[in-house]
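Per UniProt numbering, residue 1 is the first one in the sequence shown, and the count goes up by one each step.
Built from N, CA and C at the ideal position, the CB exists for glycine as well.
Notes follow the structure.
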Amino acid sequence: MKRDGHMESLWQATTGSRTTPSYNREPQPALTYDVVIVGAGMTGVTTALLLQKKGFNVLLAEAQNACFGTTGGTTAHLNTLMDTPYPTMIKNFGEAHATGVATAVRDALLHIRANISEYNIDCGYNIEDAFLYAQDDQQEKELEDILLATKKVGIEVEQSSDSPVPVPFTKGLRFPGNARFHPTRYVMPLLEEFIKLGGEYRDNCRVTQVEEAARLTIHTTQGEFFAHRLIYATHIPPGVNLLHFRCAPYRSYAIAVELEDEAQYPGGLAYDMYDPYHYFRTQEVDGQKYLIAGGEDHKTGHHENTETCFMLLEAYVRTHFAVKQVAYKWSSQYFEPTDGLPYIGLLPGANSDNIYVATGYGGNGMVYSHVAALTFAEMFIDKQSNLEKLFDPNRVKPVAGFASFVKESADVAGLLFSKLKPPPTLDTLADLAPGEARIVKYEGTKLAVYKHESGELFMTSAACTHIQCDVAWNSAEKSWDCPCHGSRFSYTGEMLTGPARKDLSDYDMQSAKITSKS
Ligand code: FES
Numbered sequence: 001m002k003r004d005g006h007m008e009s010l011w012q013a014t015t016g017s018r019t020t021p022s023y024n025r026e027p028q029p030a031l032t033y034d035v036v037i038v039g040a041g042m043t044g045v046t047t048a049l050l051l052q053k054k055g056f057n058v059l060l061a062e063a064q065n066a067c068f069g070t071t072g073g074t075t076a077h078l079n080t081l082m083d084t085p086y087p088t089m090i091k092n093f094g095e096a097h098a099t100g101v102a103t104a105v106r107d108a109l110l111h112i113r114a115n116i117s118e119y120n121i122d123c124g125y126n127i128e129d130a131f132l133y134a135q136d137d138q139q140e141k142e143l144e145d146i147l148l149a150t151k152k153v154g155i156e157v158e159q160s161s162d163s164p165v166p167v168p169f170t171k172g173l174r175f176p177g178n179a180r181f182h183p184t185r186y187v188m189p190l191l192e193e194f195i196k197l198g199g200e201y202r203d204n205c206r207v208t209q210v211e212e213a214a215r216l217t218i219h220t221t222q223g224e225f226f227a228h229r230l231i232y233a234t235h236i237p238p239g240v241n242l243l244h245f246r247c248a249p250y251r252s253y254a255i256a257v258e259l260e261d262e263a264q265y266p267g268g269l270a271y272d273m274y275d276p277y278h279y280f281r282t283q284e285v286d287g288q289k290y291l292i293a294g295g296e297d298h299k300t301g302h303h304e305n306t307e308t309c310f311m312l313l314e315a316y317v318r319t320h321f322a323v324k325q326v327a328y329k330w331s332s333q334y335f336e337p338t339d340g341l342p343y344i345g346l347l348p349g350a351n352s353d354n355i356y357v358a359t360g361y362g363g364n365g366m367v368y369s370h371v372a373a374l375t376f377a378e379m380f381i382d383k384q385s386n387l388e389k390l391f392d393p394n395r396v397k398p399v400a401g402f403a404s405f406v407k408e409s410a411d412v413a414g415l416l417f418s419k420l421k422p423p424p425t426l427d428t429l430a431d432l433a434p435g436e437a438r439i440v441k442y443e444g445t446k447l448a449v450y451k452h453e454s455g456e457l458f459m460t461s462a463a464c465t466h467i468q469c470d471v472a473w474n475s476a477e478k479s480w481d482c483p484c485h486g487s488r489f490s491y492t493g494e495m496l497t498g499p500a501r502k503d504l505s506d507y508d509m510q511s512a513k514i515t516s517k518s
């Protein structure tokens with residue numbers, strides 16, 4: 001299973017023989033699908049299965065392979081404890097709205113449990129408590145607010161002095177009925193079920209253009225398809241959209257370690273209250289237990305040396321746990337919505353009212369992906385949906401999230417208008433070591449240059465093909481990451497994740513010309 005980075009995640013290494021299923025039938029170009037879903041991650045696959053089961057004729061088109069994006073790099077916490085705490089939701093959206101979100105979250109967790117039970121999926125699913133703990137006076141005050149607001153919206157919570165992790169704390173809250181699982185061992189069987197039900201799955205099928213009309217024409221690398229509706233389950237929609245200014249891309253780091261002391265493996269999910277926060281849980285895979293720890297998040301493309309994030313995370317884990325060995329390290333991307341809630345529903349700015357999107361999950365992608373599946377099913381079947389109102393991507397909330405909106409927009413504007421220091425010139429490449437990369441300037445053009453361990457130089461334009469911000473090197477994942485809206489590219493320039501639609505352009509040294517690749 002390929003993923004959108006150089007580091008191998010625990011899930012990637014242990015998905016086993018359940019790799020991408022092959023196409024289940026020959027192309028039917030004249031057919032008009034009820035729904036085309038773009039992206040075979042957690043959102044795409046769960047939505048495709050649910051809709052196919054409800055009688056829709058669905059095509060699931062994936063640009064790479066299933067779970068290539070964040071689903072293959074998540075830490076897979078199934079929680080009722082959200083990144084946007086309930087006091088913030090109540091403040092920004094009101095108590096009724098926050099209660100609706102809490103209900104949707106509970107329903108999503110039940111849906112996951114039902115899928116596992118119905119399809120008898122062996123994915124290491126375990127129901128556990130989540131534990132949120134304060135470590136200073138300020139955090140204790142926040143914890144009090146969270147306790148009151150969480151009870152108000154109907155989520156089960158109580159004060160607790162029992163922590164599953166050996167990290168000192170002053171006060172804690174326990175949230176029963178949370179869970180964890182192996183995400184790709186959950187998704188792959190669902191994909192197989194989708195195909196068994198007659199759904200059509202195509203990998204290596206990149207959507208290149210959509211002609212908007214009541215009957216959509218969808219151009220892909222495998223030809224044209226037609227559909228009445230299209231859902232972008234691509235983590236962030238491609239192209240240029242209002243949502244790129246309402247969602248900020250972040251990287252999060254994870255390690256899976258084996259411990260010396262069996263008793264130290266946490267019997268629950270645990271979270272501290274720093275920003276960014278650390279999070280812990282256990283997963284047993286094929287008889288081997290792992291402590292999975294995450295944290296050290298930062299905005300995509302905003303960290304000089306991403307390898308230090310792993311070092312800091314590992315050092316933090318070693319402070320509290322007796323580590324036998326670090327088995328896996330990986331990072332992944334998530335999109336933080338400016339007002340704290342995801343965007344699920346009609347794509348803003350589309351010319352036709354049959355293009356949908358699900359994005360802005362923050363750190364709660366496992367749960368919100370299922371909220372998205374349930375929302376789309378309700379929208380398409382019942383025509384009216386309470387969920388649609390809760391997560392409307394076209395919502396205008398001038399107060400909620402305004403400060404973050406201004407901050408994120410100013411950040412992007414700064415990057416676009418090159419307030420960064422000018423890059424070095426080409427002659428500085430002489431001291432570039434194998435495995436290193438650098439942005440340099442040559443003949444007025446900024447180039448992204450990577451020197452492979454073999455000594456070979458890879459050179460592309462440094463201008464992101466979305467809206468031309470300069471990409472930045474991610475040394476851990478060996479990728480060029482765009483600091484503006486989170487597009488990512490391999491060192492050869494191949495597009496890994498959108499919103500860009502094209503690879504980085506090639507640069508020809510002889511003619512000093514840039515050539516678009518795709
Ligand atoms: Fe928008 Fe790169 S992702 S400019």
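- If you draw a straight line from the Cα of asparagine 351 to the Cα of serine 161, it comes to about 54 Å.
- The beta-carbon distance between tyrosine 86 and threonine 150, rounded to whole angstroms, is 5 Å. This is short enough to meet the 8 Å contact definition.
- Comparing alpha carbon positions, the residue from Val101, Leu132 and Met188 closest to threonine 14 is Met188.
- Counting only residues whose CB is nearer than 5 Å to a non-hydrogen atom of ligand 1, the list in chain order is Cys464, His466, Ile467, Cys469, Cys482, Cys484, His485 and Ser487.
- Put simply, of Arg174, Thr84 and Gly301 the residue whose alpha carbon is nearest the alpha carbon of serine 487 is Gly301.
- Every unbroken stretch of the beta strand (DSSP E) spanning 3 or more residues and falling wholly within the UniProt domain "Rieske" (424-507) is given here in chain order: 437-442, 445-451, 457-461, 472-474, 479-481, 488-490 and 495-497.
- Shown here, alanine 114 sits in a helix according to DSSP, grouped into three states.
- Counting C-beta pairs closer than 8 Å gives fewer than three between the region 228-237 and the region 267-280, which falls short of the contact rule.
- Judged by pairs of C-beta atoms under 8 Å, the region 354-370 does not touch the region 308-319, as fewer than three such pairs exist.
- In the three-state DSSP reduction, phenylalanine 380 falls in the helix class (H, G or I).
- Restricting attention to alpha helix (DSSP H) runs no shorter than 4 residues, the region 98-153 encloses them at 137-152, ordered along the chain.
- Ranked by how close their Cα comes to the Cα of valine 323, the residues Ile218, Leu259, Glu378 and Leu390 have Leu259 in first place.
- Boundaries for glutamate 211: no alpha helix (DSSP H) harbours it, while the beta strand (DSSP E) harbouring it runs 207-211, taken from the DSSP string.
- Contact check for methionine 42 against methionine 366 passes: the beta carbons are separated by less than 8 Å.
- Threonine 46 is positioned such that its CB atom lies closer than 8 Å to that of serine 369.
- Going by C-alpha positions, tyrosine 442 is about 14 Å away from alanine 430.
- Below 8 Å, too few C-beta pairs join the region 80-94 and the region 55-70 to call them touching: fewer than three.
- The Cβ atoms of isoleucine 231 and phenylalanine 376 sit closer than 8 Å to each other.
- Annotation: the continuous alpha helix (DSSP H) that includes glutamate 192 extends over 183-196.
- Look at leucine 346 here: in three-state DSSP terms it is strand.
- Between aspartate 261 and valine 167, the gap from beta carbon to beta carbon reaches 8 Å or more.
- In the three-state reduction of the DSSP assignment, arginine 215 falls in the coil class, being assigned neither a helical nor a strand state.
- Closest in C-alpha terms to leucine 51, from the list Ala472, Glu193, Ile514 and Gly223, comes Glu193.
- Buried is the label assigned to glutamine 64, since at least 16 other Cβ atoms lie within 10 Å of its Cβ.
- For the pair lysine 383 and tyrosine 507, the Cα-to-Cα distance works out to about 50 Å.
- In this structure, the beta-carbon distance from arginine 3 to phenylalanine 68 falls below 8 Å.
- Counting every other CB atom within 10 Å of its CB across the protein chains shown gives leucine 148 a total below 16, marking it as exposed.
- Annotation: the continuous beta strand (DSSP E) that includes glycine 294 extends over 288-299.
- For the pair proline 276 and glutamate 304, the CB atoms are not nearer than the 8 Å cut-off.
- Annotation for glutamine 139: Met273 place their beta carbon closer than 7 Å to its own, counting only its chain and skipping 5 residues before and after.
- Here alanine 263 is exposed, its C-beta having fewer than 16 other C-beta atoms within 10 Å.
- DSSP places glutamine 52 inside the alpha helix (DSSP H), whose first and last residues are 42-53.
- In the structure shown, valine 317 adopts helical secondary structure according to DSSP, grouped into three states.
- Residue pairing from DSSP places glutamate 224 in a beta bridge opposite His219.
- When C-alpha distances from asparagine 120 are compared across Ala108, Ser505, Glu224 and Arg185, the shortest belongs to Arg185.
- No Cβ-Cβ contact shorter than 8 Å links leucine 374 with aspartate 137.
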